[in-house]
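Residue numbers (the numbering used here): 18 to 323.
Have a look at the structure below before the remarks.
Right, here's the structure in full:
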């Protein structure tokens, strides 16, 4: 389904380009309504036939390579059904606002990056608890996805301009690297957050998702010297534990805040922006990024040592 906003833009030949939006978040409501009083098995069968079949690379289990079964996926669908009544009002509000807000956020993003083409098809889904937004490589293709359910659960009624700008930057700058050590994720997430902060200078830690988990940014600032030393030692690591601690809520055994890589990455991008423009930084290829990241981390560590 093409979103109303995208369809309206397509009718105006002089309008800036706007990506196609596949709305699979709205049909979840329809599936829920027509299965009231039916079993979870019937609900799951309907959901897979009418929603899942339209985005099989996301909703199917093949991408998990044996780590998730159909039975486990059915359980996730049943859980999404069970929790929906308490989310419904906020979910429907989020869905209604999405196609109104997206063109506005694209327009303001283009104030910094006027060459942003906004041509990647966007999937707006009920993510079954997986994600609020981001990119997923599915069957070899990088897909741009927003999850209405976690947008509700994580963002609540907060202003989402920062979040949209963060994700739009990922679409604008899809890094292509042969390997993915820590410094690549640090740069991707740090640049996306720094750009979003430039566009939303009054954004709070909550709006920047820097309080996920609670007080993440504050606690990282409190232990900044140790956090930077730890980061410096892990820049070239491809170890999953290193990635978990820096970018996932599961954290690690260092005693430093989980997901601190988002905050540290923003500091790194801010430091790098003292020597190059945002537009120049955004155009760096993978090979050129590493020395920029290393130099920025070393300068930040030097400031802490004074």
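C-beta atoms are modelled at their ideal positions from N, C-alpha and C, and glycine is treated no differently.
Under the three-state DSSP convention, the category residue i falls into
| i | result |
| --- | --- |
| residue 301 | coil |
| residue 243 | helix |
| residue 177 | coil |
| residue 53 | coil |
| residue 197 | coil |
| residue 143 | coil |
| residue 84 | coil |
| residue 90 | helix |
| residue 291 | coil |
| residue 153 | strand |
| residue 38 | strand |
| residue 265 | coil |
| residue 226 | coil |
| residue 77 | coil |
| residue 134 | coil |
| residue 313 | helix |
| residue 272 | coil |
| residue 126 | helix |
| residue 72 | coil |
| residue 159 | strand |
| residue 20 | In this prediction, residue 20 has a pLDDT of 45, which is less than 50 and means its spatial position is unreliable; what the coordinates show is noted afterwards. It is coil, neither helix nor strand. |
| residue 320 | helix |
| residue 26 | Here the model assigns residue 26 a pLDDT of 44, short of 50, so the residue's position is not dependable and the matter cannot be decided. |
Within 8 Å, strictly: CB atoms of residue i and residue j
| i | j | result |
| --- | --- | --- |
| residue 139 | residue 161 | yes |
| residue 202 | residue 278 | yes |
| residue 166 | residue 226 | no |
| residue 74 | residue 155 | yes |
| residue 175 | residue 235 | no |
| residue 248 | residue 314 | yes |
| residue 217 | residue 172 | no |
| residue 299 | residue 211 | no |
| residue 33 | residue 114 | no |
| residue 70 | residue 78 | no |
| residue 207 | residue 88 | no |
Proximity winner among the options, relative to residue i (alpha-carbon distances)
| i | options | result |
| --- | --- | --- |
| residue 150 | 90, 209 and 134 | 209 |
| residue 245 | 186, 316, 291 and 184 | 316 |
| residue 232 | 214, 274 and 241 | 274 |
| residue 331 | 44, 33 and 320 | What is shown of the chain runs 18 to 323, which leaves residue 331 out entirely. |
| residue 288 | 94, 204 and 124 | 204 |
| residue 284 | 60, 311, 269 and 323 | 311 |
| residue 294 | 323, 260, 215 and 224 | 215 |
| residue 301 | 152, 319, 276 and 193 | 193 |
| residue 179 | 148, 134 and 123 | 123 |
| residue 147 | 96, 37, 46 and 298 | 96 |
| residue 92 | 260, 81, 119 and 58 | 58 |
| residue 35 | 119, 242 and 62 | 119 |
| residue 239 | 258, 272 and 69 | 272 |
| residue 112 | 207, 164, 270 and 100 | 164 |
| residue 132 | 296, 304, 308 and 68 | 296 |
| residue 191 | 303, 125 and 257 | 303 |
| residue 318 | 243, 270 and 83 | 243 |
Beta-carbon separation (whole angstroms), residue i vs residue j, contact threshold 8 Å
| i | j | result |
| --- | --- | --- |
| residue 252 | residue 199 | 5 Å |
| residue 41 | residue 72 | 6 Å |
| residue 281 | residue 221 | Wrong, their Cβ atoms sit about 19 Å apart, outside the cutoff. |
| residue 196 | residue 116 | Going by Cβ atoms, the distance from residue 196 to residue 116 rounds to 37 Å, so no, they are not a contact pair. |
| residue 362 | residue 49 | This structure leaves residue 362 out entirely; the chain is present only between 18 and 323. |
| residue 94 | residue 141 | Between residue 141 and residue 94 the Cβ distance is about 18 Å, and since that is not below 8 Å, they are no contact. |
| residue 152 | residue 187 | 6 Å |
| residue 108 | residue 38 | Between residue 38 and residue 108 the Cβ distance is about 17 Å, and since that is not below 8 Å, they are no contact. |
| residue 276 | residue 229 | 6 Å |
Classification of residue i by the beta-carbon crowding that lies within 10 angstroms, buried from 16 upward
| i | result |
| --- | --- |
| residue 265 | exposed |
| residue 250 | exposed |
| residue 185 | buried |
| residue 53 | exposed |
| residue 134 | exposed |
| residue 213 | buried |
| residue 81 | exposed |
| residue 106 | exposed |
| residue 177 | buried |
| residue 322 | exposed |
beta-carbon residue i near the ligand PLP non-hydrogen atom, thresh 7 Å
| i | result |
| --- | --- |
| residue 281 | This structure does not include the ligand PLP; it has no bound ligands of any sort. |
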